[in-house]
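*Asks:* Quick one: the structure is below, questions incoming.
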Amino acid sequence: METENKPVEQQIDNVATNLSELKVSTEGGEEKTQPSDEGRPSTKPASGETTDAADAGAEQSTEAEAATTDEAGGLLPSPAPAQDPSAYAADPTNFEIKHPLQNRWSLWYDNPRKRTSADTWGNHLKHVVEFDTVEDFWRLYNNVMPASRLEHGSNYHLFKAGIEPKWEDAANTRGGQWVVTFSNKQRKEKLDKLWLYTILACIGEAFEEEEEVCGCVVSIRKAQDRIAIWTRTASKEAAVRSIGMQLKRTLEMPAGSVVGYQVHSDSMKTQSSSSAKYRYEV
C-alpha cells in the first residue's frame with residue numbers, strides 16, 4: 004500500500020471522498036494516474052467471467068505477482084482469459100474494462116481508543132467505501148494504510164455490502180468468528196501479507212461455503228494481533244469447521260496448530276470477545 008505519513012483517520016477520509024478520482028482517466032486516448040499493481044495475487048471474477056491474472060489486477064504481469072499467488076497455497080481465486088477487446092467499441096472513450104466480483108464489499112475502520120462506552124461504540128465505526136470490481140479493490144488497497152501500521156486498538160473490517168461489522172446485525176447475530184492470533188514479531192514479518200490473503204479468499208469466494216462468510220477483520224493490539232473470519236450460522240458445524248480449515252491453509256499455518264471459533268451470542272453477554280470460550284477448534 005502506498006501511503007503518506009499522515010494520521011490514519013485522515014487517510015481514511017481521503018480514500019472515502021477521493022476514491023472516484025483515482026479511476027483511470029483518459030486524455031487523447033492516453034491513460035493517466037494508475038496506482039501501482041505490484042505484488043497482486045489474482046481474484047476470481049463474477050458470473051463465470053474469466054480473466055488473466057495480470058489483466059484482472061494490473062496491465063502488466065510481474066514475477067513478484069506470480070510468486071505471491073503461488074505462496075497462497077492455491078486458495079486464492081483462479082485466473083482466466085480477458086474480455087474481448089471489441090467490448091471497447093460500446094464506449095470508445097473508456098479504455099478500462101472492469102472485472103466484477105461475485106459480491107459487493109464494504110470497508111470499515113474503527114479505533115477503540117475513540118470509544119466512550121460499549122453503547123456508543125457504533126458511533127466510532129467509520130464506513131470507508133464500497134467496491135464490487137477487482138480494479139476498484141486494488142485502488143482501495145493501494146491507498147489505505149497497511150494494517151501493520153495502524154494504531155494499537157484499531158481494526159479494519161471488510162464485510163459484504165449490507166452487513167455491518169456488529170454482533171447485533173441480522174446477518175451476524177446467530178453467527179460467530181474464527182480467530183487467529185499473531186505476535187508482534189509476526190506483525191512485522193507477515194501480517195500484511197496474511198491479511199491480504201484473507202481478503203482475497205473472501206472477495207474471490209475461495210471458501211467452499213462462501214454464502215456463510217459475512218466478512219473478515221484484522222485487529223491491531225499491543226500484546227498480539229488478530230485476523231478473524233465472521234460466519235453467518237454458528238449452528239452449521241460442518242460448514243463452520245470447513246471454513247476454519249480453509250482459513251488455516253490460507254494463513255499458511257503450520258501442521259498441528261489450532262484455531263478457535265467464538266459464537267457472537269457468547270461475546271454479547273460480556274460485551275467482549277476476549278472472554279468468550281471457543282465453541283469449535285480445528
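The opening residue of the sequence shown carries number 4 in this note's numbering; numbering runs sequentially from there. Heads up, the beta-carbon is just placed ideally off N, CA and C, and yes, glycines get one too.
Kindly list the residues whose CB is nearer than 7 angstroms to the CB of residue 130, restricted to its own chain and excluding five residues on each side of it in sequence; keep chain order.
*Replies:* Closer than 7 angstroms at Cβ, skipping near neighbours: 109 and 111.
*Asks:* Buried or exposed: residue 272, going by 16 or more other Cβ atoms within 10 Å of its Cβ?
*Replies:* Looking at its Cβ environment, which holds fewer than 16 other Cβ atoms inside 10 Å, residue 272 is exposed.
*Asks:* On a CA-only basis, which of 212, 141 and 217 is nearest residue 172? Give me that one, please.
*Replies:* Minimum Cα distance to residue 172 is reached at 217.
*Asks:* Would you kindly check if the distance between the Cβ of residue 219 and the Cβ of residue 143 is under 9 angstroms?
*Replies:* No, these two residues do not count as a Cβ contact at 9 angstroms.
*Asks:* Have a look at the DSSP bridge pairing and note the partners of residue 232.
*Replies:* Partner(s): 181 and 219.
*Asks:* Three or more C-beta pairs under 8 angstroms: does that hold for the region 208-216 against the region 144-161?
*Replies:* Output reads no: the region 144-161 does not touch the region 208-216.
*Asks:* By how many angstroms is the C-alpha of residue 264 removed from the C-alpha of residue 283?
*Replies:* So the two alpha carbons sit approximately 5 angstroms from each other.
*Asks:* Fully enclosed by the region 100-160, which beta strand (DSSP E) runs are 3 residues long or longer?
*Replies:* You should have 103-113 and 129-136.
*Asks:* If you count every other CB in all the chains shown that lies within 10 Å of the CB of residue 186, and 16 or more means buried, which is it?
*Replies:* So residue 186 counts as exposed.
*Asks:* Where does residue 266 sit, in a helix, a strand or coil, going by DSSP?
*Replies:* In the structure shown, residue 266 sits in a strand (DSSP, three-state: E or B).
*Asks:* Tell me whether residue 244 sits in a helix, a strand or coil according to DSSP, three-state version.
*Replies:* Residue 244 falls in the helix class under three-state DSSP.
*Asks:* Would you check if the distance between the CB atom of residue 190 and the CB atom of residue 223 is smaller than 9 angstroms?
*Replies:* Closer than 9 angstroms, so yes.
*Asks:* Can residue 216 be considered in contact with the ligand GDP, in the sense that its beta carbon sits closer than 8 angstroms to one or more heavy atoms?
*Replies:* As for the ligand GDP, it is missing from this structure, which has no ligand bound.
*Asks:* Provide the residue(s) that pair with residue 163 in DSSP beta bridges, ordered along the chain.
*Replies:* Partner(s): 108.
*Asks:* Which stretch, first to last residue, makes up the beta strand (DSSP E) that contains residue 282?
*Replies:* Residue 282 -> beta strand (DSSP E) spans 281-284.
*Asks:* How many Å lie between residue 183 and residue 100 at the Cα?
*Replies:* Their backbone Cα atoms lie some 37 angstroms apart in a straight line.
*Asks:* Excluding sequence positions up to five away, which residues of its chain have a Cβ less than 7 angstroms from the Cβ of residue 195?
*Replies:* If we look at residue 195 and ignore the five residues flanking it on each side, its Cβ neighbours are 149, 150 and 151.
*Asks:* I'd like to know whether the C-beta atoms of residue 179 and residue 234 end up nearer to each other than 9 angstroms.
*Replies:* Contact flag set, yes.
*Asks:* Indicate the three-state DSSP secondary structure (helix, strand or coil) for residue 212 in the structure shown.
*Replies:* DSSP places residue 212 in coil when its eight states are reduced to three.
*Asks:* By the three-class DSSP mapping on this structure, what secondary structure does residue 254 have?
*Replies:* It is coil, neither helix nor strand.
*Asks:* Taking the alpha carbon of residue 153 as the reference point, which residue from 114, 175, 238 and 212 has its own alpha carbon closest?
*Replies:* Among 114, 175, 238 and 212, the Cα nearest to that of residue 153 belongs to 114.
*Asks:* Among the residues of its own chain, which have a CB less than 7 angstroms from the CB of residue 155, if the five just before and after it don't count?
*Replies:* Within the same chain, residue 155 has close Cβ partners 223, 224 and 225.
*Asks:* Cα separation between residue 126 and residue 170?
*Replies:* Cα to Cα, the separation comes out at about 15 angstroms.
*Asks:* Can you have a look at residue 132 and say buried or exposed, based on whether 16 or more other CB atoms are within 10 angstroms of its CB?
*Replies:* Classification of residue 132: buried, given that the 10 Å Cβ count is 16 or more.
*Asks:* In terms of residues, what are the limits of the alpha helix (DSSP H) holding residue 194?
*Replies:* Note, residue 194: premise wrong, no alpha helix (DSSP H); not H, not E.
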